[in-house]
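Residue numbers (the working numbering), protein chains in the order written: chain A, 597 to 710; chain B, 24 to 137.
Below is one structure, written out as structure tokens; comments come after it.
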Amino acid sequence: GAVVSQHPSRVICKSGTSVKIECRSLDFQATTMFWYRQFPKQSLMLMATSNEGSKATYEQGVEKDKFLINHASLTLSTLTVTSAHPEDSSFYICSAGGLSYGYTFGSGTRLTVV
Amino acid sequence: AQSVTQLDSHVSVSEGTPVLLRCNYSSSYSPSLFWYVQHPNKGLQLLLKYTSAATLVKGINGFEAEFKKSETSFHLTKPSAHMSDAAEYFCVVSTPAAGNKLTFGGGTRVLVKP
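Written as structure tokens, this is what we have:
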């Protein structure tokens, strides 16, 4: 079946630094990937839709300059949290796929900003 | 617009007894509906999906769900709970009108008592 690999699974960074999270589709090509954020004991909220070869589409209220998304190939999308602050601490999850074949999710990245 | 309401934030069952997780959706168009399971600090695993075929959908690990258009519901059931079923469950809706984006319900945490 389709596999999405997300790395790293956990990261701790200092306030003011940037962190990059990678999302790879291992056995299929993904022209579109999705980035979600999940606060503790809450549901997933879509942050942005990553489009291969073009700009990402951000959901309302998501700062595009803070959450940089790059989708340079059909198998890789990256999310960079720039100038991270403690309030950016969260669980970030990517997914790829579509209605026909289903959406596959990565295993998530726990970001802690100290 | 599309939305999903999971009627119970927590469900507690005894091992070997039935599980019922309730989900109601709102959508202007014929929806695609999914149930995902999330174990702590993990990504999401697809249990089953409805995409306008049979209204009774069978999924993995003994779960099934029934799409009832008249009730705008997509409840998830399992005849006999296992300890490994303890997790967070999300009901998800998607429609072409929403660009096939996924909208998540608030989640239901399942506790299985021995």
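Backbone N, C-alpha and C fix where the C-beta goes; we use that ideal spot for every residue, glycine too.
Please read these numbers as outputs of a predicted model, since none were measured by experiment.
Close-in-space but distant-in-sequence residues of the same chain around residue i (CB under 7 Å, 5 per side omitted)
| i | result |
| --- | --- |
| Q68 (chain B) | Y59, V60 |
| A120 (chain B) | S51, Y52 |
Bridge-paired residues (DSSP) for residue i
| i | result |
| --- | --- |
| V672 (chain A) | For clarity, residue 672 (chain A) is Leu in the given sequence; the question names Val instead. The partner list for L672 (chain A) (beta bridge, DSSP) reads A:R620, A:S669. |
| Q638 (chain A) | The partner list for Q638 (chain A) (beta bridge, DSSP) is empty, contrary to what the question assumes. |
| S96 (chain B) | B:N47, B:K91 |
| A110 (chain B) | B:V133 |
Same chain, Cβ closer than 6 Å to residue i, five either side skipped, listed in chain order
| i | result |
| --- | --- |
| P137 (chain B) | E38 |
| I665 (chain A) | A644, S646, A652, L675 |
Beta-carbon spacing of residue i, residue j below 9 Å
| i | j | result |
| --- | --- | --- |
| G698 (chain A) | V600 (chain A) | no |
| V743 (chain A) | R706 (chain A) | Outside the displayed span of chain A (597 to 710) sits residue 743 (chain A), for which this structure offers no information. |
| Y17 (chain B) | F90 (chain B) | For residue 17 (chain B) there is no data in the structure shown, the boundaries of chain B being 24 and 137. |
| T674 (chain A) | I617 (chain A) | yes |
| G129 (chain B) | S639 (chain A) | yes |
| T645 (chain A) | M629 (chain A) | yes |
| G704 (chain A) | Q634 (chain A) | yes |
| A110 (chain B) | H62 (chain B) | yes |
| S103 (chain B) | P54 (chain B) | no |
| R132 (chain B) | K637 (chain A) | yes |
Interface residues of chain B facing residue i [CB-CB closer than 7 Å]
| i | result |
| --- | --- |
| Q703 (chain A) | The question names Gln, but residue 703 (chain A) in the sequence shown is Ser. Chain B residues near S703 (chain A): K65, G66. |
| R620 (chain A) | Under the 7 Å cutoff, chain B gives no residues; its nearest Cβ is about 13 Å from R620 (chain A). |
Contacts of residue i in chain A (Cβ-Cβ under 9 Å)
| i | result |
| --- | --- |
| T100 (chain B) | Simply none; closest approach about 21 Å. |
Chain A residues whose Cβ lies nearer than 8 Å to that of residue i
| i | result |
| --- | --- |
| K81 (chain B) | Ordered by position in chain A, no residue passes the 8 Å Cβ test against K81 (chain B), which lies about 15 Å from the chain. |
8 Å CB neighbourhood of residue i in its chain, flanking five on each side removed
| i | result |
| --- | --- |
| G612 (chain A) | S679, A680, H681 |
Partners in chain A for residue i, counting only beta-carbon separations shorter than 7 Å
| i | result |
| --- | --- |
| L69 (chain B) | G698 |
Closer than 7 Å, Cβ to Cβ, to anything on chain B: give me those residues from the region 684 to 701 of chain A, in chain order. Cβ proximity to chain B below 7 Å picks out I689, G694, L695, G698, Y699, F701 from the region 684 to 701 of chain A.
Taking beta-carbon pairs under 8 Å, can you tell me which members of the region 54 to 66 of chain B lie near chain A? Cβ contacts with chain A: S55, F57, Y59, N64, K65, G66.
For the region 633 to 656 of chain A, which residues have a CB atom closer than 9 Å to at least one CB atom of chain D, in sequence order? Checking the listed chains, one finds no chain D in this structure; the protein chains it contains are A and B.
Short of 9 Å Cβ to Cβ, which residues in the region 119 to 130 of chain B face chain A? Here the close residues are P119, G122, N123, K124, L125, T126, F127, G128, G129, G130.
The region 83 to 112 of chain B: positions lying closer than 9 Å to chain A by Cβ: Listed in sequence order: E111.
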